[in-house]
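Residue numbers (my numbering), protein chains in the order written: chain L, 1 to 336; chain X, 1001 to 1336; chain F, 2001 to 2323; chain S, 3001 to 3323.
C-beta atoms are modelled at their ideal positions from N, C-alpha and C, and glycine is treated no differently.
It should be emphasised that the depicted structure is a prediction, and the values quoted were computed from it without experimental measurement.
I have placed the structure first, in the form of structure tokens, so that the comments after it can refer back to it.
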Amino acid sequence: MAKMMYRDAVRSTIFEAMERDDRVVVLGEDVVGGMGTAGGPEAIGGIWATSTGLYDRFGPDRVIDTPISESAIVGAAGGLALAGKKPIAELMFADFIGVSLDQIWNQIAKFRYMFGGKSTCPAIIRMAYGGGFNAAAQHSQSVHHFLTAMPGLKVVMPSTPEDVRGLLREALRGDDPVIFLEHKALYGVTGEVPDGDWTIPFGHARLTRAGQDLTLVATGLMVGRCEAAADALAKDGIGCDVLDLRTTSPLDEEAILDSVEVTGRLVVVDEAPQRCSLATDISALVAQKAFASLKAPIEMVCAPHSPVPFALELEQAYLPSAGKIEAAARKVLGYR
Amino acid sequence: MAKMMYRDAVRSTIFEAMERDDRVVVLGEDVVGGMGTAGGPEAIGGIWATSTGLYDRFGPDRVIDTPISESAIVGAAGGLALAGKKPIAELMFADFIGVSLDQIWNQIAKFRYMFGGKSTCPAIIRMAYGGGFNAAAQHSQSVHHFLTAMPGLKVVMPSTPEDVRGLLREALRGDDPVIFLEHKALYGVTGEVPDGDWTIPFGHARLTRAGQDLTLVATGLMVGRCEAAADALAKDGIGCDVLDLRTTSPLDEEAILDSVEVTGRLVVVDEAPQRCSLATDISALVAQKAFASLKAPIEMVCAPHSPVPFALELEQAYLPSAGKIEAAARKVLGYR
Amino acid sequence: MQLSREQMLQAYRRMKIIREFEERLHIEIATGAIAGFTHLYCGQEAVAVGVCEHLDTDDKIVSTHRGHGHCLAKGCDVDGMMKEIWGSREGLCKGKGGSMHIADVDVGMLGANGIVGAGAPIAVGAALAAKLDGKGKVSITFSGDGACNQGTTFEAMNMAVVTKAPCIFVFENNHYSEHTGFEYAVGTQLDIASRAEAFGMKVWRADGTDFFAVHETMRDLLVYVRAGHGPAAVEFDTERFFGHFEGDPQRYRGEGELDRIRETRDCLKKFRASVVSAKLLTDADIDAIDAEVLSQIDAAVDAARAAPRPTPEDVLADVYVAY
Amino acid sequence: MQLSREQMLQAYRRMKIIREFEERLHIEIATGAIAGFTHLYCGQEAVAVGVCEHLDTDDKIVSTHRGHGHCLAKGCDVDGMMKEIWGSREGLCKGKGGSMHIADVDVGMLGANGIVGAGAPIAVGAALAAKLDGKGKVSITFSGDGACNQGTTFEAMNMAVVTKAPCIFVFENNHYSEHTGFEYAVGTQLDIASRAEAFGMKVWRADGTDFFAVHETMRDLLVYVRAGHGPAAVEFDTERFFGHFEGDPQRYRGEGELDRIRETRDCLKKFRASVVSAKLLTDADIDAIDAEVLSQIDAAVDAARAAPRPTPEDVLADVYVAY
Ligand SMILES: Cc1ncc(C[n+]2csc(CCOP(=O)(O)OP(=O)(O)O)c2C)c(N)n1
Ligand SMILES: Cc1ncc(C[n+]2csc(CCOP(=O)(O)OP(=O)(O)O)c2C)c(N)n1
Ligand SMILES: [Mg+2]
Ligand SMILES: [Mg+2]
């Protein structure tokens, strides 16, 4: 059992995979850092420090620093994967799916299907997502709903260092393309990571709080906020199931439905705006498949229908908070 | 009152707008056609024939044939709009948002907000979407859910020549960016288009069939399939409200909720796969805001979680059909 | 370096297979037997074959919407391709991909592509894989004169130079992107190859309707790339004999243009004329191949017609390896 | 053509405003007063000012993540910018945009941009608008040596050439994109301007730390573009004095590099030395401006600190004109 930061769980899991499997290749902007400078390779790594030390150990053919060309980065990951490698590509910010979407959506996600199942494309695309840094409209977005909507992709959203380890290992073990969404506000979070060669299978939600009165469903940074809300409610004797989905595609429908069958009340929390979001996806699932169990309207706590604003006060108001989650919970609990 | 094809409603509405307002500019690949060839300009227009004759009338500064560079096309539309013009950009296929998403999502949609409300960006991005042509995984997609999820955009999905006319006029009259989604299987459909200077305001669904037993909600090509299902059900004395949303952003929540309050039963039909779709969006809306009225689980009829397949039989099985809609309706109606 | 008789016969056969495959599709599409959008490669055969004759299955290619020729040249199965285009479940892609998405990774064919310009970055990735393997293998991306304006193509060229990837950018300039002329859409007064040069690549140029010119150019180019010098680019001047896609009335063509190019720029005719006049092959050699290929294509069409259709359950197969 | 005394004073003042604005931000950010990612333009002032001194409000510019200098040079309000960076609701963008999204369409400043390379197509659009208006106005996109590798930048260059848009591509080569050197990430052994040339553009090159070189180069270039010859490109060799963003430890720099560039490549120092030695202005002239600017920036910071903060209700304002 080791205590480590989320960002180190990313880095060390990649390191371990590269040691074990020489098909694993890393590419992205500044994943080495310092290329072509007086300071030289690794003078300074990427801004998230999730690839530090890889170049020194594995060299330029396996740790590939790229120009600012996200389409080419993701496309190259696709080509590497079709050619038998296991690329891990990094988009510095998830917002950059905007400049690389075709390669994610129309290429990597679809190769296997379009090619009649005769190929695999085990590319992993890592990206830092989410708000909280006052980085404004183009560097703060949550993009899981877009990617979850794309058949052919698996979408992973670890909320703890332990989940980073287990889910990234699982991604590397599989042969499908995986989007690995790292919340930038979690990089500095520390947690226990068990030793040994274990993984976390995709499509298995984690129950982080257990209760009979209400179900809270979330991912990434929002899991902690749900826990905070659940803890506040617990003081009033209200018991919540808090489900951390871990992967949004595949989705652990069973865990959600099982919980709602007991509680009859659901609040879904999503850092993205509500329209066509994961929150609506889960609401719809429950409204279809656990209808008879529902005792109250399903509430969603999402970002408002606006870009992410810059100013401190605005971003704070924009992001779902434990307070808003608690209020939604009380609303649902108050429904008769 | 004139009878015209959907594609001609597009073309003639653009023509009319360009006559009236010299800020209106058209750009896209082969919107002129024949540039740089022996045949010369307009030798042959774009593959949808939605811009035929514009170049001859309005010339190269207002009808701009572009290289194959979708990011630059959409970006140029953004720049034209910020500089006071009313650009209408064409993406030949909606699937090409993959190669231009950043300009749609991070630029055009966000300018006004990021700039503190001190600018407008009235760019219209037209694109042909949807299946039915055996054009396979990269030329058949429905993309409205992605775009509806993006704050700052309005999203329009006309299902008739009349709606093309009214909604495109409304888009041109407004000062916000608009995504105008034309279903390629509707281009050849003929319908009545009233004379005169009328528009259709956004956010107003059209009730195409009225009934008390069930609500069917759809857009674009799926509206006709819902009507076919409703007509079949009517033979058994079952009355359906069929709602054509017309615009998915803004959404006519009221029309949906009002209908479900009467019928208590809802089937949402969507040509896209279900995950994080417009179908889930509407289900979630109803599960939250019309919960007390619901008498049965909400059913969704969507495409399966796969890319769009090529072969005739596969694509047929892939797309929601009147038969599948009817079956879902009967399931919902059978719920006690 | 002179080609052997066998090499010449094989090259001609490959070109002829593409030609007959396409001429036959042109007819079948007109009758409505085939669904979807089909872009015929007819006229450009010398490029696909002149390039791919140098490759083995460990060399990779990435193709375009106009991909049949590249597929056939790289060794995709004729029957499997025909069945795919017909949408059979026995097709090379089980009827899932169709004309625009034919692929066979086992022969190093990483896919036709419906998105113009999308192939170039994928080829860079395959080239990086080859570089890592260190066996002198290469990756080739085919691009049209239209695709050369897409951002991905430029990004890929730069990234290949930066990473010294053994990636080869083959530009097939057939003078048209859909209905638009090369002179209009490619801004430069120079050619496409000059752009590649500005990214720091060594470039070649040749007549793409002359098989021998293509073949020799590629030989030199491949020596350079396989030696580890990084990427390279080549521009072939060529012609497409049909419309952009089937159904295109081609009103953008000059008067008599199609007749002229069929007459003077037909790579198969030119091949025959050159090998017969040089007494390397006889007309009889070539006629024999023509006849064989014709019946091979007949058989492929018959097989495709008779092949089993996919069923609704197939829709959800092969989205994932495991989900 | 010699600049008038007033023109020189104004140019120097503009450069000095940028310099002090940035030096002050550097300090304020270190104390935690300012949130978000901030990229300082300090060191590159001669480019922004040497370019924008030729423009009026009907000429447009599109900027980058490192946009403060371009904004100030184009005439954005100093107080409004400072308040924006502080996140006040009185900021130029009401606190919605912040450092990376400052814009003021009224002065022809179409936005800083957080997406590297995104500005170029937008500038082409603005140029097409100018072409349509036919009044000889231009549109300028600033790009870094990193942004020049993004597909959008290439597409924009080609489209500008094809459409003969009066668009000017100003490449500020400060030798770094984040922590990566120009020599690595731009594959060509040549320079960025050569790429633009390969797209068919006329190009210029100049020392970006020499205000007069920038200014003269732009004068020639603008004569060409305003005359309707289509787009043009220029590459300025320049230096950034701070890290990529605030907080960057800059370990990629050579030993003594920062001291050297502050000493020998400081465009303000060079300006002063040249005008004083040529007896065009006196040290006293310049010292006076320095003092004025200092107090202007002090005042701007004080105003920003005291400015009202946005409230939660502001979040949903200005997403649409009407919804
Ligand atoms: C991203 C994208 N934009 C547009 C299209 C539509 N389209 C298909 S082929 C084509 C022309 C391609 O021209 P070129 O690259 O010269 O290839 P050719 O057709 O001549 O083989 C266009 C515009 C597309 N498929 N993908
Ligand atoms: C599409 C995109 N990719 C990556 C980034 C992250 N990023 C911000 S600035 C930058 C470097 C830009 O370098 P350059 O163009 O030389 O401009 P400079 O910072 O030197 O002014 C990078 C990689 C981004 N903002 N957008
Ligand atoms: Mg072509
Ligand atoms: Mg730079």
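If you check the CB distance, residue 80 of chain L and residue 2128 of chain F come in under 7 Å. For residue 2236 of chain F, the pairing in a beta bridge is given by DSSP as F:2172, F:2206. Across the structure, residue 1276 of chain X and residue 2167 of chain F are spaced so that their CA atoms are roughly 38 Å apart. Close CB contacts of residue 1266 of chain X within its chain, under the 6 Å cut and outside five residues either way in sequence, are with 1215, 1260, 1286, 1298 (chain order). For residue 2155 of chain F, the nearest CB of chain S lies under 7 Å from its own CB, placing it at the interface with that chain.
Around ligand 4, the residues selected by a Cβ distance under 6 Å to any of its heavy atoms are S:3144, S:3145, S:3146, S:3174, S:3176, S:3177, following chain order. Taking C-beta atoms under 8 Å as the contact rule, residue 3052 of chain S and residue 3074 of chain S qualify, at a distance of about 5 Å. Between residue 315 of chain L and the set L:105, L:47, L:272, L:159, the nearest pair of CA atoms involves L:272.
Taken atom to atom, the span from the alpha-carbon of residue 1244 of chain X to that of residue 1203 of chain X is near 11 Å.
By a beta-carbon distance limit of 8 Å, residue 2117 of chain F contacts residue 2150 of chain F. Their separation comes to about 3 Å.
Here residue 1001 of chain X is exposed, its C-beta having fewer than 16 other C-beta atoms within 10 Å. Proximity of the segment 159-176 of chain L to the segment 127-138 of chain L falls short of the contact definition, fewer than three beta-carbon pairs being nearer than 8 Å. Under the 7 Å criterion on CB atoms, residue 2122 of chain F is classed as interfacial with respect to chain L. Under a 10 Å Cβ-count criterion, residue 1212 of chain X is classified as exposed, with fewer than 16 other Cβ atoms of the shown protein chains found around its own Cβ. Secondary structure of residue 3079 of chain S (DSSP, three-state): helix. Per DSSP, reduced to three states, the secondary structure at residue 1003 of chain X is strand. For the beta strand (DSSP E) assignment, the uninterrupted runs of no fewer than 3 residues enclosed by the segment 1218-1268 of chain X are, from N- to C-terminal side, 1240-1244, 1247-1249. Under DSSP, the beta-bridge partners assigned to residue 300 of chain L are L:268. Those residues of the segment 2165-2187 of chain F placed with their C-beta closer than 9 Å to a C-beta in chain S are 2184, 2185, 2186, 2187, ordered along the chain. In the three-state reduction of the DSSP assignment, residue 1166 of chain X falls in the helix class. Contact residues of the segment 1047-1076 of chain X toward chain F are 1065, 1067, 1068, 1069, 1071 (C-beta to C-beta distance below 7 Å).
Chain X places no beta carbon closer than 7 Å to that of residue 320 of chain L, leaving this residue out of the contacts. Residue 1333 of chain X and residue 1296 of chain X have their C-alpha atoms spaced approximately 8 Å apart. Given a length threshold of 3 residues, each whole run of the beta strand (DSSP E) inside the segment 12-60 of chain L is given here in chain order: 24-28. Beta-bridge analysis with DSSP links residue 3109 of chain S to S:3061, S:3104. Unbroken alpha helix (DSSP H) stretches of 4 residues or longer found wholly inside the segment 53-119 of chain L: 54-58, 70-82, 111-114, given in chain order.
Distance from the C-beta of residue 2066 of chain F to the nearest heavy atom of ligand 1 is below 6 Å. At the C-beta level, residue 1069 of chain X and residue 3155 of chain S come within 7 Å of one another. Of S:3210, S:3245, S:3261, S:3301, the smallest CA-CA separation from residue 3274 of chain S is found for S:3210. In this structure, residue 44 of chain L sits away from residue 3068 of chain S, with a CB-CB distance that is not shorter than 7 Å.
Relative to ligand 1, the beta carbon of residue 2242 of chain F is positioned no closer than 6 Å to any heavy atom. Taken in chain order, the members of the segment 130-141 of chain L whose beta-carbon sits within less than 9 Å of a beta-carbon on chain S are 133, 134, 135, 136, 137, 138, 139. At least one beta carbon of chain F lies nearer than 7 Å to the beta carbon of residue 1314 of chain X. Uninterrupted beta strand (DSSP E) stretches at least 3 residues long and entirely within the segment 1119-1174 of chain X occur at 1124-1129, 1154-1156, given in chain order.
Residue 2177 of chain F has F:2180 as its beta-bridge partners, per DSSP.
The alpha-carbon separation between residue 3145 of chain S and residue 1055 of chain X amounts to approximately 38 Å.
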